[in-house]
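Take a look at the structure below.
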Amino acid sequence: MELSGAEITVRCLAEEGVEYVFGYPGGAVLNIYDEIYKQDKFKHVLVRHEQAAVHAADGYARATGRTGVALVTSGPGATNAVTGIATAYMDSIPMVVISGQVPTPAIGMDAFQEVDTVGITRPCVKHNFLVKDIRELASTIKKAFYIASTGRPGPVLVDIPKDVTQFKTEFEYPKTISLRSYNPVTKGHSGQIKRAVQMLLNAKRPMIYAGGGVILSDAAKQLTELARLLGFPCTNTLMGLGGFPASDPLSVGMLGMHGTYEANMAVQHSDVLVAIGARFDDRVIGNPEHFYQEERQIIHIDIDPSSISKRVKVDVPIVGNVPEVLTEMIKLIKASKEKPDQAALKTWLTQIELWRSRDCLKYDRSSDIIKPQFVLEKLHEITKGDAFVTSDVGQHQMWAAQFYKFDKPRRWINSGGLGTMGFGLPAAMGVQLAHPDAMVACVTGEGSIQMNIQELATCKQFNIPIKIILLNNRYLGMVRQWQEFFYGERYAESYMDTLPDFVKLAEAYGHAGRRIDNPAEVEDALKWAFSAEMKDTLVFLDFRTDQTENVYPMIPGGKGLSEMILV
Amino acid sequence: MENEAGALSRVAGLFSARGYNIESLTVAPTEDATLSRMTIVTRGSDEVIEQITKQLNKLVDTVRVVDLSDGGHIERELMLVKVRAEGLLREEMKRMSDIFRGRIIDVTDKTYTIEITGAGHKLDAFLNALDKSAILETVRTGASGIGRGDRILKS
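Chains as they are written, first to last, in the working numbering: chain A, 17 to 583; chain B, 327 to 481.
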């Protein structure tokens, strides 16, 4: 039987086992929406802005490991989606975005709501397609899901002209797909793995540096086993938090610009550094020249060959899927008679404890103004460290990363690469829909939350009971911090005057809210938000926090890992 | 590369987005119409060339990347030059074209159009050998390259 392009699109999504499509209708996708109306295989979540559709699909993907799906119309629908797509691209999130396009004869005619979507999105997708022939529609969607979810994952966009959604053809969904030009490597080179294992066994000051690739490839179990087997200390990047349990004594916390003193010092002074699913980016290692240590050897495990030796030259590159490579390494270590030099390791761990005793995350606990760090510590305590935490971008993001000690992967959901303000709320929607019974907290700032505040309406419509933890310091805090440190305290446009009454705003959207001015009220407010009574209600907590608090430690831009500003 | 719409712009976009420099780029379908072959001439340190190779390989449409300068290879470029060919110059241009094994492919009473093929430096040498004021117009294709001997690029 012949089906229309719109029917085929919807059937393909069903064949892929898609659970949620996040989207917003418009002229070019009306045929697709008409088919969505007629089906019950997946649910559609109507957002209030296309950027939020993509972030919600992204949050869903990060929390589950499955491919997120967003659907937008042509022109402004597609351009609004671009920030979300770039966000997913920078953090390697598996995602398929379907965009409507003007009918094929109108392409290039400056038609109503026409943009060159494939051209605009090209630099921020893993791949994209314009489907001009309905006979290629099903196989293109199959390819999109395959490319998005394999190798180093990423967003794939499929642009479908309106007439293609109307034409009819026989529908057959390909069971498998193979592309001669796309064959991601999974298994690591066995010779290189052997060399790496030998290097680890000979290490005197070893350090594991684990990134977002560990989360994306579901390798937390293997990473934890490897670190414990060798007794090696482990640091995680912002994207890698939860990949190794923060509560494990071998964890030294996050490294990088706002990483802990002990993590940064240990990485800088290690003699063997193992980078796993991490890419030595500027916010992590600072200045590559300062980072370079002649006597240090680096092992780098990554699925993307282009990540290797991009910013830092490495000694043992291993291209492969992280869990497979780690399993192989664990096997070799277990089979080996050798063990790392225990006396040297003990000296090294003692040194790390000495750095740890610097207590780099300390803050004034006696303050009568709410300290943001205190709110996050309490959040961790009250949710027993078991919540999914999304964040926006800025100081609150760094404090959440430092103070919510993640023990499990896929619990910490933030825009690390692109640094997209406005990510947290829509991402939390995707997370909550994926895990309806889980506690989901969106840690945000008063700057970020206003960038996608309209999604409070989506949360009401779809009964999404996330808890919004607003750390409200009336400043674009990270901008203010840089202005204080590096711009002679000239606070250009970083103060937010005329903020709305967030409690009333939440109530206006049909939710509950509370404003907290006093440290003594913090615990009670959080307990209320996560109480059984509020289980099905979105709660908006507006914490009025210290305006002058800064994120420490901090590595100033262009400086090296051991050149931290400490509190 | 897969002979897909947009493949060229993906390559061109990659070079500009990552700040690499393209000296020349040629592309056309191969004997297998589903594939097209591109020759790119670029310049960079070993590290940069390694990154360019990896980034090109990462493009989903790329079937295979080879650095021809890693081994023996041949490169050829085609140039068309329109020159002034009046009076004494008329004979001089014919001689120069013959020396460089060019061919005169279009003639008017005032001009010659010369076709010349070779490695880029030979074309440069030809232009340098001509009186600058005699050159009216030039157009070059950029280099196409292929490995020497048994060395072949296969998908």
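Yeah, the Cβ is synthetic: ideal placement off N, Cα and C, and Gly gets one too.
Identified DSSP bridge partners for residue i
{"i": "H451(A)", "result": "The partner list for H451(A) (beta bridge, DSSP) is empty, contrary to what the question assumes."}
{"i": "L453(B)", "result": "According to DSSP, L453(B) bridges with nothing at all."}
{"i": "L492(A)", "result": "L492(A) pairs with nothing; no bridge assigned."}
{"i": "K184(A)", "result": "S20(A)"}
{"i": "L29(A)", "result": "DSSP lists no partner for L29(A)."}
{"i": "D558(A)", "result": "L486(A), R531(A)"}
{"i": "N144(A)", "result": "L173(A)"}
{"i": "N199(A)", "result": "According to DSSP, N199(A) bridges with nothing at all."}
{"i": "I366(B)", "result": "L351(B)"}
For residue j and residue i, the rounded distance between their alpha carbons
{"i": "N337(A)", "j": "L232(A)", "result": "10 Å"}
{"i": "M512(A)", "j": "L492(A)", "result": "7 Å"}
{"i": "M327(B)", "j": "L361(B)", "result": "6 Å"}
{"i": "I472(B)", "j": "H399(B)", "result": "6 Å"}
{"i": "N468(A)", "j": "G256(A)", "result": "25 Å"}
{"i": "L195(A)", "j": "N303(A)", "result": "39 Å"}
{"i": "D380(A)", "j": "G440(A)", "result": "27 Å"}
{"i": "Y438(B)", "j": "R427(B)", "result": "15 Å"}
{"i": "Y198(A)", "j": "K158(A)", "result": "14 Å"}
{"i": "Q309(A)", "j": "K575(A)", "result": "15 Å"}
{"i": "Q585(A)", "j": "E403(B)", "result": "Only positions 17 to 583 of chain A appear in the structure, and residue 585(A) is not among them; the question remains open."}
{"i": "S352(A)", "j": "G227(A)", "result": "27 Å"}
{"i": "A445(B)", "j": "D457(B)", "result": "21 Å"}
{"i": "V353(B)", "j": "S470(B)", "result": "8 Å"}
{"i": "G75(A)", "j": "M437(A)", "result": "14 Å"}
{"i": "D179(A)", "j": "I366(B)", "result": "37 Å"}
{"i": "E344(A)", "j": "V283(A)", "result": "24 Å"}
{"i": "M17(A)", "j": "V26(A)", "result": "16 Å"}
{"i": "D384(A)", "j": "G432(A)", "result": "32 Å"}
{"i": "R295(A)", "j": "G167(A)", "result": "15 Å"}
{"i": "D435(B)", "j": "M419(B)", "result": "13 Å"}
{"i": "V37(A)", "j": "A73(A)", "result": "7 Å"}
{"i": "I349(A)", "j": "A450(A)", "result": "38 Å"}
{"i": "A122(A)", "j": "G332(B)", "result": "19 Å"}
{"i": "D424(B)", "j": "A455(B)", "result": "13 Å"}
{"i": "C475(A)", "j": "S20(A)", "result": "33 Å"}
{"i": "A528(A)", "j": "T133(A)", "result": "39 Å"}
{"i": "E52(A)", "j": "A444(A)", "result": "A small fix is needed here, since residue 52(A) is Ile in this sequence, not Glu. Taking the straight line joining both Cα atoms gives about 24 Å."}
Under 7 Å by beta carbon: chain A residues contacting residue i
{"i": "K380(B)", "result": "P321, S322"}
Neighbouring residues, chain B, relative to residue i (Cβ below 8 Å)
{"i": "P139(A)", "result": "G339, A343"}
Neighbouring residues, chain B, relative to residue i (Cβ below 7 Å)
{"i": "G326(A)", "result": "Rather than Gly, the amino acid found at residue 326(A) in this sequence is Lys. Neighbours of K326(A) on chain B, chain order: Q377."}
{"i": "V134(A)", "result": "G332"}
{"i": "D197(A)", "result": "A small correction: the amino acid at residue 197(A) is Ser; Asp does not occupy that position in the sequence shown. Ordered by position in chain B, the residues that pass the 7 Å Cβ test against S197(A) are E328, V386, D387, T388, V389."}
{"i": "H143(A)", "result": "V386"}
Amino acids of chain B, ordered along the chain, whose beta-carbon sits closer than 9 Å to that of residue i
{"i": "I163(A)", "result": "V386"}
Would you call the region 402-413 of chain B and the region 456-472 of chain B touching, i.e. three or more CB-CB distances under 8 Å? In short, these stretches touch, since the Cβ pair count reaches three.
Between the region 331-342 of chain B and chain A, which residues of the former have CB atoms less than 8 Å from a CB of the latter, in chain order? Along the region 331-342 of chain B, the positions whose C-beta sits under 8 Å from a C-beta of chain A are A331, G332, S335, R336, G339, read in chain order.
Members of the region 339-366 of chain B that neighbour chain A once the beta carbon cut-off is set at 7 Å: Within the region 339-366 of chain B, the residues whose Cβ lies closer than 7 Å to any Cβ of chain A are, in chain order, G339, A343.
What residues in the region 385-400 of chain B bring their beta carbon closer than 7 Å to a beta carbon of chain A? Within the region 385-400 of chain B, the residues whose Cβ lies closer than 7 Å to some Cβ of chain A are V386, D387, T388, V389, listed in chain order.
Three or more beta-carbon pairs under 8 Å between the region 153-163 of chain A and the region 90-105 of chain A, yes or no? Judged by Cβ distances under 8 Å, the region 153-163 of chain A makes no contact with the region 90-105 of chain A, as fewer than three pairs qualify.
Against chain A: residues of the region 413-445 of chain B by CB proximity under 8 Å: The residues in question: there are none.
Can you confirm whether the region 220-240 of chain A touches the region 180-193 of chain A when touching is taken to mean that 3 or more C-beta pairs between the two stretches lie within less than 8 Å? Because the criterion of three Cβ pairs below 8 Å is not met, the region 180-193 of chain A and the region 220-240 of chain A do not touch.
Hey, is the region 140-148 of chain A in contact with the region 77-84 of chain A, meaning 3+ C-beta pairs nearer than 8 Å? The region 140-148 of chain A, when compared against the region 77-84 of chain A, does not touch it at the 8 Å Cβ threshold.
Indicate whether the contact test is met: 3 or more Cβ pairs, each with one atom in the region 362-374 of chain A and one in the region 383-403 of chain A, closer than 8 Å. As far as the Cβ criterion goes, the region 362-374 of chain A does not touch the region 383-403 of chain A, which means the pair count is below three.
Could you check whether the region 317-331 of chain A touches the region 379-390 of chain B, counting it as contact only if at least three pairs of C-beta atoms, one from each stretch, sit closer than 8 Å? These segments touch.
At least three beta-carbon pairs within less than 8 Å, the region 477-497 of chain A to the region 553-560 of chain A: Segments in contact, yes.
If contact is defined by three or more beta carbon pairs under 8 Å, each pair taking one atom from either stretch, is the region 455-467 of chain A in contact with the region 101-116 of chain A? In this structure the region 101-116 of chain A does not touch the region 455-467 of chain A; the number of beta carbon pairs closer than 8 Å is below three.
Counting beta carbon pairs with one atom in the region 418-433 of chain A and one in the region 245-265 of chain A, are three or more of them shorter than 8 Å? Touching, yes.
Is the region 558-570 of chain A close to the region 531-538 of chain A, with three or more CB pairs under 8 Å? Verdict: yes, contact present.
Determine, using beta-carbon pairs with one atom in the region 541-553 of chain A and one in the region 241-253 of chain A, whether at least three such pairs fall under 8 Å. Because the criterion of three Cβ pairs below 8 Å is not met, the region 541-553 of chain A and the region 241-253 of chain A do not touch.
Between the region 563-571 of chain A and the region 343-353 of chain B, can you find at least three pairs of beta-carbon atoms closer than 8 Å? The way I'd put it, the region 343-353 of chain B doesn't touch the region 563-571 of chain A; fewer than three beta-carbon pairs between them come closer than 8 Å.
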